[in-house]
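Inspection log for the structure reproduced underneath, given as structure tokens.
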Amino acid sequence: MVLTPGLDMLLRHIPRLSFPPLVVWVASNFLVGMSLLATSLAYVLCIPFCLVVVAAWRSWALDRDKTRLGAQDVPLWKGKWPGSIDLLMELYNHWLVSSASNR
């Protein structure tokens, strides 16, 4: 039976996605007496919190490997808008001006 790509991805990631709520369940039922509101908030925030922790850990490990190997960071252009959209608009306007002058 062929599964859709989304369902296939969810089934492959069930262990990783179910671990944080399982930790919250064990903590709220056996370790700490949490209120219903605190437990609900912990359930909602546990997966995003774990994603942030994993991203920070990977960034730290990448920096450590970069230092160990003597590598340098790729130069970055900092944009003012999210996704550096202002830089993309500036590059597009520059391209429009240069292509109009070549005609």
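Here my numbering is used: the first residue of the sequence shown is 1384, the next is one more, and so on.
We treat Cβ as the ideally placed atom computed from N, Cα and C, and that holds for glycine.
Practice task
Assign residue 1431 to buried or exposed, taking buried as 16 or more other Cβ atoms, counted over all protein chains shown, within 10 Å of its Cβ.
Solution key: exposed
Practice task
Assess, as a yes-or-no matter, whether the segment 1406 to 1414 is touched by the segment 1384 to 1395 under the definition of 3 or more beta carbon pairs within less than 8 angstroms.
Solution key: Flag = no, the segment 1384 to 1395 and the segment 1406 to 1414 do not touch.
Exercise for the section: Output the distance between the C-alpha atoms of residue 1467 and residue 1475, rounded to the nearest integer angstrom. Expected result: 13 angstroms
Handout entry: Own chain residues within Cβ distance below 7 angstroms of residue 1463, not counting five before or after
Key = Once the five neighbours on either side are set aside, the close Cβ partners of residue 1463 are 1469.
Problem - 7 angstroms Cβ shell around residue 1404 - same chain, five flanking residues per side excluded - result: 1426 and 1429
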